Every structure is written in structure tokens, then in C-alpha cells.
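Numbering (UniProt numbering), first residue to last: 1 to 442.
Glycine residues also receive a C-beta, built at the ideal position from the N, C-alpha and C atoms.
Computed from a predicted model, the values in this text were never measured in an experiment.
Worksheet: the structure to be examined is printed underneath.
Now the structure itself:
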């Protein structure tokens with residue numbers, strides 16, 4: 001089979017000439033090993049967020065002192081890109097791909113994988129590595145310490161016990177975190193990506209309200225035709241009535257009662273990772289299909305916390321988008337567009353090209369469901385404009401939305417990312433995309 005590479009823009013050398021000599025940034029495409037565009041696209045998207053700096057700091061702080069892991073492989077790759085003499089070029093992420101396949105056999109095959117599932121696995125796995133390394137370091141410190149350090153360990157244990165007791169008390173009153181939330185891990189993954197949703201349920205009989213916090217690392221968003229990202233996000237705050245066979249068991253009434261429930265954004269993350277649910281399972285067809293709905297995502301996004309007035313708004317800039325190209329979940333390709341130093345660039349595996357911002361609307365999706373090929377935004381990464389400054393008070397975002405859906409998007413605890421309804425297990429091998437065939441398209 002013959003493969004073609006489309007170069008819509010300039011060559012690497014031409015692009016390098018256009019970049020300012022003072023611009024201290026690198027733009028390197030990644031070699032596709034047959035079916036790894038899902039991986040390349042996510043890595044490029046993450047590289048141009050603040051996540052990169054934390055990974056590079058990790059590498060600097062752990063020179064030769066950590067056993068090989070997916071995180072060390074990622075740190076080596078990011079460092080290799082950042083330390084290149086040239087500003088534009090191509091690298092082969094062979095070590096990272098090999099480590100990924102050894103760590104998770106689900107990626108050790110010749111099928112195309114889902115970019116969201118890979119992103120989900122990657123950040124959670126990195127968080128797990130960081131937590132385990134911290135535990136090992138604390139264990140070594142405890143074994144080799146005495147006197148003041150021993151007293152410090154006892155004090156820390158007492159503080160942890162007190163915090164656990166307080167969290168348990170809050171959980172009893174409906175204010176605790178989901179799952180294993182009495183001991184919340186804190187890694188740079190959580191510092192960057194973790195936000196909090198509050199699930200609020202109000203009994204219509206006794207008017208008592210139960211609140212339950214749920215941490216998330218990314219949000220899976222239901223989409224509708226010809227909608228905007230903001231209108232889709234507002235669906236989190238839409239009021240849903242629980243009635244008939246779906247009544248709510250009220251602990252205060254000790255019986256099932258009609259109730260209302262809504263999801264509110266309590267804490268906004270530094271980098272908001274959004275997954276547009278473009279694949280759904282059709283029972284009549286017994287397969288997944290792509291939702292080609294047109295969803296307009298802005299370059300600037302202002303979000304208000306609908307729960308905590310002390311943290312009412314945060315302004316985000318769109319920094320990267322993972323795009324799914326193709327007309328269905330079983331046939332397609334992934335590319336990435338990123339914003340860096342005022343420039344917009346497109347990464348298509350080993351190809352890097354500059355694009356005009358006006359072309360971003362080409363990745364909103366189609367105006368209506370169509371069998372023709374479609375390049376549409378799948379993962380969106382919004383970064384807080386000034387992460388060091390506290391959000392400024394402003395008018396709250398209205399809860400109602402004309403683009404609301406009946407489905408309630410859920411999020412799990414911080415150790416796992418959001419639930420992907422109707423999107424698990426599909427393959428993206430092959431192509432019917434408008435973009436000419438690449439190495440991972442059958």
C-alpha cells in the first residue's frame with residue numbers, strides 16, 4: 001500500500017526562517033510507528049501547556065536517580081525536544097512508545113487507539129508514579145531518621161489522622177470527596193489538571209440539600225448540533241428532576257422522594273482538559289458512530305465557579321487541540337493544533353506547519369451529520385491566563401442553556417479521569433479522511 005504525506009504549508013527549513021531568532025521554542029514533529037498518531041497528538045498537546053515545565057523540572061531533579069518508568073521516558077523525550085539546536089525538525093519517540101507498550105498491553109498492538117483513553121491513562125499513570133515515589137522517599141526518610149525527624153513524623157501522622165477524622169465527619173454530612181477521598185494525593189498532575197465538581201441534590205419534600213464533591217482531571221462533555229463549547233459546559237449546571245421510578249432516597253425523610261439535582265463547578269483547574277464526546281454507541285447498529293456535530297470552541301474562555309463565590313471566575317486561553325480526522329470511529333487519524341508565542345501550528349506526526357488562526361474554525365465539525373470526512377476537535381486544552389494570580393470576581397455564568405442535554409456528565413475521583421460514555425473500546429484504524437493517507441491509515 002502506498003502512503004502519501006500532505007504538506008499544506010512550508011517545509012521545516014522555511015518555517016524555521018520565519019521564526020524570530022529570539023524565540024526560544026522548539027517545534028518538532030514525532031515519527032509515527034505505524035499506528036501511533038493517537039500518542040503523538042496527545043504528547044504535542046501536552047508539550048505546549050505548563051505540564052511540560054513540570055516534567056522538565058522533574059527530570060532535572062531526578063538525574064539518574066529514578067528507575068525507568070513511563071514518566072522518565074516522557075521526561076527524556078520532552079528534554080530532547082527542548083534541548084535541540086535547531087528550532088524545527090523531527091524526533092522518533094521510540095523509547096517512550098516501547099515503554100508504553102511494556103507498561104500497558106492495551107497499547108501493544110497494531111490497532112489505532114483512542115486519544116482520550118491514552119491521555120486518561122497517561123496522566124493517571126504519571127500521578128501514580130509520583131505518589132509511589134513520594135511514599136518510597138518518605139519511607140526511607142523515616143527509616144534513617146531519629147530525634148527531631150522522628151518527632152516530625154509523629155506530628156505529621158497526628159495531623160494526617162486529624163485531617164482524616166475531619167474529612168470523615170464531612171463525608172457524613174454529605175460534604176466529603178468521592179471514593180478514597182480522606183487522603184488526597186498532591187502531585188504536579190493534580191496541581192495542574194485537577195478541579196472539583198459538586199453534585200447537589202435537594203429533596204423537594206423536606207428541602208434538605210446533600211452535597212458531594214467529585215474531583216476530576218478532565219471533563220467529558222456531551223455535545224449537540226450547532227452549539228458552542230460554553231453552552232455545552234453550562235449543561236453541568238442544568239437542573240434535573242428526579243421523579244417517578246427515578247426518585248431520590250432522602251435520608252432525612254427515610255423514604256424515596258422527588259428531588260432536583262445539579263452539578264456545579266466548585267474548583268477550576270489551572271489547565272482545563274475537555275473531552276468532546278464525539279463517539280456514541282448505537283444499539284440498533286451495535287457499533288460506535290462519530291458525532292459530527294459542529295461545536296464552536298473559543299480561543300478565550302471565561303468560566304465562573306457556580307458554587308464557590310470566593311473563586312468565581314478564571315480566564316483561559318486555548319493552547320492546544322487534538323483533532324480527530326475521519327468520518328467514523330473505526331477509520332481516522334489524529335493531528336494537533338497548538339498556540340505558541342502567538343503562533344498557531346499544526347502537528348501531523350512528523351509534519352509541522354504554521355497555520356492562520358482563521359483556519360481553526362475548520363476543526364469545529366460539520367454543520368450537520370454527514371457521511372463525508374470530517375476533521376473535528378476532540379480534546380481541548382485551556383490554560384489559565386495568569387495561573388499565579390487569583391481569579392477576579394465577576395458575574396456568574398448563567399446555569400440555563402438552550403443546548404442542554406438530558407445526560408448528566410459525571411466525573412470520578414482524582415486518581416481516575418472522567419467517564420467516557422459510549423466511547424470506550426473503539427478503534428480508529430484506517431481512513432476515509434479528507435487528509436491523504438498517513439502511515440497509520442489502512
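Figure out for me which residue from 238, 258 and 57 has the closest Cα to the Cα of residue 244. 258
Using the beta-carbon count (16 or more within 10 Å), is residue 246 buried or exposed? exposed
Do you know whose CA, among 290, 33, 275 and 274, lies nearest residue 281's CA? 290
Contact set for residue 443: own chain, Cβ-Cβ below 6 Å, skip 5 residues either direction: No answer is possible for residue 443: the residues shown for the chain start at 1 and end at 442.
Do you know whose CA, among 358, 271 and 256, lies nearest residue 384's CA? 271
Along the chain, which unbroken stretches of the beta strand (DSSP E) at least 3 residues long are found entirely within the stretch 319 to 368? 331 to 340, 343 to 348 and 351 to 355
Would you call the stretch 27 to 38 and the stretch 111 to 124 touching, i.e. three or more CB-CB distances under 8 Å? yes
Note down the Cα distance separating residue 83 from residue 49, rounded to an integer number of angstroms. 17 Å
What number of angstroms, rounded off, separates the C-alpha of residue 106 from the C-alpha of residue 284? 27 Å
By the 10 Å Cβ neighbour count, where 16 or more other Cβ atoms means buried, how is residue 328 classified, buried or exposed? buried
Using a Cβ-Cβ cut-off of 8 Å (strictly less than) and excluding sequence neighbours within five positions of residue 252, which residues of its own chain qualify? 203, 206 and 208
Run through DSSP, which three-state label would residue 18 get? helix
Excluding the 5 residues preceding and the 5 following residue 365 in the sequence, name in chain order all residues of the same chain whose CB lies nearer than 6 Å to its CB. 292, 293, 294, 295 and 376
Could you pull out every residue in the same chain whose Cβ sits closer than 6 Å to the Cβ of residue 53, ignoring the five residues on either side in sequence? none
Confirm, please, whether the CB-CB distance from residue 275 to residue 219 is below 8 Å. yes
Proximity to residue 298 [Cα-Cα], best of 231, 140 and 349: 231
Enclosing alpha helix (DSSP H) for residue 37 [first to last residue]: 37 to 47
Rounded to the nearest angstrom, what separates residue 374 and residue 326 at their Cα positions? 5 Å
Under 6 Å Cβ to Cβ from residue 319, same chain only, skipping five residues before and after it: list those, please. 48, 49, 339, 381 and 383
Secondary structure of residue 92, DSSP reduced to three states: coil
Let me check one thing: in DSSP terms, what residues is residue 256 bridge-paired to? 249
Stretch-stretch touch, CB-based, cutoff 8 Å, three pairs: the stretch 346 to 354 with the stretch 123 to 140: no
According to the Cβ coordinates, are residue 119 and residue 34 closer than 8 Å? no
Inter-stretch contact (C-beta, 8 Å, three-pair minimum) for the stretch 94 to 102 and the stretch 194 to 202: no
Could you tell me which residues DSSP puts in a beta bridge with residue 287? 282
Nearest-angstrom Cβ-Cβ length linking residue 363 and residue 44, presumed shorter than 8 Å: The Cβ separation is near 15 Å, so there is no contact.
Looking at chain E, is there any beta carbon in it that lies within less than 8 Å of the beta carbon of residue 18? You won't find chain E in this structure, because it holds only one protein chain.
Give the straight-line distance between the Cα atoms of residue 234 and residue 228, rounded to the nearest whole angstrom. 10 Å
Identity of the residues DSSP links to residue 211 by a beta bridge: 200
Going by DSSP in three states, residue 62 sits in which element: helix, strand or coil? coil
Buried or exposed: which applies to residue 402, given that a residue is buried once 16 or more other Cβ atoms fall within 10 Å of its Cβ? Legend: pLDDT at residue 402 = 30, less than 50; position of this residue unreliable, value from coordinates given subsequently. Residue 402 is exposed by the Cβ-count criterion.
Just the Cα atoms here: how many angstroms apart are residue 68 and residue 343? 35 Å
Taking only runs that begin and end inside the stretch 78 to 124, name each unbroken beta strand (DSSP E) of 3 or more residues, in chain order. 88 to 91
Just the C-alpha distance for residue 56 and residue 331, rounded to the nearest angstrom, thanks. 35 Å
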